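Numbering (this note's numbering), first residue to last: 5 to 183.
First comes the structure, then the notes that go with it.
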Amino acid sequence: FDIVRVWSFDRYRDKLVTRLCNYALYSLLAFVYAVWDRDADAVVAGTPPPFHLPVVYLLSLVAGARFVLDVRDLYPETAVALGVVENRAVEWLYRQYERWFWRRADALTVPTEPMVDVLLAAGVSRERVTVVHNAYNSAGTDLDGSESVAVPEWDDVFVVAYAGGMGYAPDIPTILDAA
């Protein structure tokens with residue numbers, strides 16, 4: 005299969021304006037590409053951000069492709085917890101908006117089991133949800149079931165490893181202070 009990536013700005017996260025422009029540019033280029041080349045089996049989008057959801061959904065309809073959402077974070081819950089969204093009406097609208105797309109997706113992926121319950125409560129059927137765990141394996145085994153190889157040099161060393169996003173929610177300064 006082929007994965008098609010469309011052009012975007014290199015440093016779009018610096019300012020809100022460039023971030024919004026990048027989302028709009030991505031949406032436009034992805035839509036143009038899909039209309040031009042309708043040979044897609046699936047259109048996959050990560051969420052958040054929510055800005056590209058209408059375009060990705062329309063792409064799936066135009067291309068006759070499956071609409072797949074990779075739900076990485078629960079919005080607006082995270083935005084509310086961080087104080088980014090304080091207006092209750094905005095919170096309610098955002099929640100309705102995102103869940104509308106969840107219910108129309110042919111398939112959804114989430115990184116944790118508790119997120120499945122949130123999707124089910126929003127009206128998504130369990131058959132359409134797949135848990136795709138992140139790289140952490142608490143069992144300490146490799147994919148084939150054998151014991152993972154330890155790093156002997158780290159036996160007597162305090163090690164902090166962080167493999168998450170570098171956004172507002174992870175609170176990187178607290179992780180660094182803990183180290």
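Even for Gly, the Cβ is constructed at its ideal location relative to N, Cα and C.
Computed from a prediction, not measured in an experiment: that's the story for all the values here.
Cα-Cα, which of Phe13, Phe105, Ala183 is closest to Arg132?
Numbered from its first residue, the sequence shown carries residue 132 at position 128. The residue with the shortest Cα to Cα distance from Arg132 is Phe105.
Using CA coordinates, which residue listed in Met119, Val94, Pro177 is at the minimum distance from Leu78?
Working through the sequence shown from its first residue, we reach residue 78 at position 74. Cα-wise, what sits closest to Leu78 is Met119.
Which first and last residues belong to the beta strand (DSSP E) in which Ala49 is found?
The residue you call residue 49 lines up with position 45 of the sequence shown. Per DSSP, Ala49 belongs to the beta strand (DSSP E) from 46 to 51.
Does the separation of the CB atoms of Leu251 and Val164 fall below 8 Å?
Residue 251 lies beyond the stretch modelled for the chain, which goes from 5 to 183, so this question has no answer here.
Who are the near neighbours of Leu57 in its chain, counting only those whose CB is closer than 6 Å to its CB and skipping five residues on each side?
Numbered from its first residue, the sequence shown carries residue 57 at position 53. Within the same chain, Leu57 has close Cβ partners Phe105.
Under the rule that 16 or more other beta-carbon atoms within 10 Å means buried, what is Thr102, buried or exposed?
Indexing the sequence shown from 1 puts residue 102 at position 98. This sequence places Glu at residue 102; Thr is not what is there. Buried, by the Cβ-count rule.
At a cut of 8 Å, does the segment 26 to 43 reach the segment 78 to 87 through at least three beta carbon pairs?
Segments in contact, no.
Go through its chain and collect everything with a Cβ distance to Ser64's Cβ below 7 Å, but skip five positions before and after it.
For this step, residue 64 is matched to residue 60 along the sequence shown. Only Val47, Arg70, Phe71 meet the Cβ criterion.
Between the Cα of Thr116 and those of Thr134, Ala125, Phe55, Gly127, spot the shortest distance and give me the residue it belongs to.
Your numbering for residue 116 matches position 112 in the sequence shown. It is Thr134 whose Cα lies nearest to the Cα of Thr116.
Excluding five sequence neighbours on each side, which residues of the same chain lie with their C-beta closer than 7 Å to the C-beta of His137?
The residue labelled residue 137 in the question sits at position 133 within the sequence shown. Counting only Cβ-Cβ distances below 7 Å, and skipping sequence neighbours, we find Pro115.
For my contact list, Ala85 and Ala67 are in at a C-beta cut-off of 8 Å; report their separation, rounded to the angstrom.
To locate residue 85, count along the sequence shown from 1; it is residue 81. To locate residue 67, count along the sequence shown from 1; it is residue 63. In fact, because the Cβ distance is near 36 Å, the residues do not count as touching under 8 Å.
Near Glu95, what residues of its chain come up, given a Cβ to Cβ distance below 7 Å and the 5 sequence neighbours on each side ignored?
Here residue 95 refers to the residue found at position 91 of the sequence shown. Within the same chain, Glu95 has close Cβ partners Pro80, Val84, Val89.
Beta carbon of Thr22, beta carbon of Phe35: below 8 Å?
For this step, residue 22 is matched to residue 18 along the sequence shown. For this step, residue 35 is matched to residue 31 along the sequence shown. Result no, Cβ atoms of Thr22 and Phe35 do not sit closer than 8 Å.
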